[in-house]
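Below you'll find the structure, written out as structure tokens, and then a few comments.
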Ligand code: DAH
């Protein structure tokens, strides 16, 4: 019996050394420690031990039981500690998708419009966001008492020098004329600023695409045809649009084009246009006897609203990913 105890003791020592996982520890417990395990079954054999040896064998057996249980406890604690220190990463889980950015719908519109106008022979140019009063107003034939020059409508940067955040992209027309000789056929996209209260169709900061075509014999009929071609290219044949006479200081005659918002009865003004006023040609250093031209200025956010069927312009800049993701 004593030999048997020693043998099992050796076995326990040997096997416990090679335990490396929780499962192996569990098998160890099943083999030695449970009721029908090797240690417990030795206790059953105690009844066959001669009376005079019972005390010694009993002590030895109890020691074996205690030793094996403390080996088990120690390893169990070691594994628990290890588990607590390892972050629980399940490498078999599928990866989480990160949000991949897309182009903002307004940028998409600008790119689409540039493509369409390029096909019609227009070049692309840009001008500064901070303008002087001369380019933003005077050269464009705004009279000195025009309401747009009021602080209520325009963000002044330096009122003494009349530096403003441009209220439209039209001053870029003047910069084109100053730097080029006709024929000029250019579009000028950019950001514009107005001291305006916000609502479903107005923002204080938005985008326009200006267009300018100056050559000999450029006519209003061509302007209208070009606006119609553009609208059809962007929206398809089902689009409903209308022209209305209008007024701008820098064009004569002037017009506006409205587009019917899909699925509604509402018209939205998307572009102002007209024949470049002779005073404006003069400001740009162009001979108004020889050349004529037309100009136009689109509101890009409004075009985007029609394109995307958004009915509130502010939704474009609230950065709600659920809105932006749809386009
Ligand atoms: N600048 C005008 C605006 O911001 C839009 C505009 C109208 C531009 C007529 C033009 C034009 O070039 O010919 O409301």
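In the working numbering, the protein residues as written are 1146 to 1472. We put the CB at the ideal spot given by N, CA and C, even for glycine.
First and last residue of the uninterrupted beta strand (DSSP E) at residue 1389:
1386-1393
Three-state secondary structure (DSSP) at residue 1212?
helix
Let's see if you can read the secondary structure: which residues bound the beta strand (DSSP E) around residue 1357?
1350-1360
So residue 1093 packs on residue 1377, CB below 8 Å; how close in whole Å?
The shown model of the chain, from 1146 to 1472, leaves out residue 1093, and the question about it has no answer.
Quick check on the burial criterion: 16 or more other C-beta atoms within 10 angstroms. Buried or exposed for residue 1353?
buried
Could you check which residue in 1409, 1410, 1440 has the C-alpha nearest to that of residue 1422?
1440
Considering only their Cβ atoms, is the gap separating residue 1381 from residue 1399 smaller than 8 Å?
no
Does the contact criterion of 3 or more C-beta pairs under 8 Å hold for the segment 1307-1323 versus the segment 1254-1262?
no
C-beta contact flag for residue 1285 and residue 1443 at 8 Å:
no
Compute the Euclidean distance between the alpha carbons of residue 1314 and residue 1248, then round it to the nearest angstrom.
23 Å
Chain-order list of residues whose beta-carbon lies under 7 Å from that of residue 1176 (same chain, five-residue window excluded):
1182, 1183
For a minimum of 3 consecutive residues, which ranges assigned as the beta strand (DSSP E) are wholly contained in the segment 1206-1293?
1275-1277
Is residue 1167 near residue 1224, with beta carbons less than 8 Å apart?
yes
How is the beta strand (DSSP E) around residue 1330 delimited, first residue to last?
1329-1338
Would residue 1271 and residue 1333 be called neighbours here (beta carbons separated by less than 8 Å)?
yes
Using the Cβ count rule (16 or more neighbours within 10 Å means buried), how would you classify residue 1289?
exposed
Taking one C-beta from the segment 1298-1309 and one from the segment 1339-1347 each time, how about it: are there three or more such pairs within less than 8 Å?
yes
Per DSSP, what kind of secondary structure is residue 1471 in: helix, strand or coil?
coil
Start and end of the beta strand (DSSP E) containing residue 1416?
1412-1421
For residue 1316, count neighbouring Cβ atoms within 10 angstroms of its own Cβ and tell me buried if that reaches 16, exposed if not.
buried
Strictly by DSSP, which residues pair up with residue 1444?
1353
From residue 1195 to residue 1212, what does the alpha carbon distance come to, in whole angstroms?
25 Å
Assuming residue 1311 contacts residue 1276 under a Cβ cut-off of 8 Å, what Cβ separation, rounded to an integer in Å, is found between them?
4 Å
If residue 1407 and residue 1466 are in contact, beta carbons under 8 Å, what's the gap, nearest whole angstrom?
The Cβ separation is near 24 Å, so there is no contact.
Would you kindly work out how many angstroms separate the C-alpha atoms of residue 1430 and residue 1279, rounded to a whole number?
14 Å
Considering only DSSP beta bridges, list what residue 1202 is partnered with.
Per DSSP, none; premise fails for residue 1202.
Once DSSP output is grouped into helix, strand and coil, what is the label at residue 1374?
helix
Compute the minimum distance between the beta carbon of residue 1355 and the heavy atoms of the ligand NAD, and state whether it is under 7 Å.
With respect to the ligand NAD, the structure offers nothing, as its ligand set consists of the ligand DAH.
Spatial neighbours of residue 1401 within its chain, please: CB distance less than 6 Å, with the 5 preceding and 5 following residues excluded, ordered by chain position.
1389, 1391, 1414, 1417
Kindly indicate which three-state DSSP category residue 1177 falls into: helix, strand or coil?
helix
Within 10 angstroms of the Cβ of residue 1446, are there 16 or more other Cβ atoms? Answer buried if so, exposed if not.
buried
In this structure, what does DSSP give as the bridge partners for residue 1172?
Per DSSP, none; premise fails for residue 1172.
So which of 1350, 1151, 1202, 1252 has the shortest CA-CA distance to residue 1459?
1350
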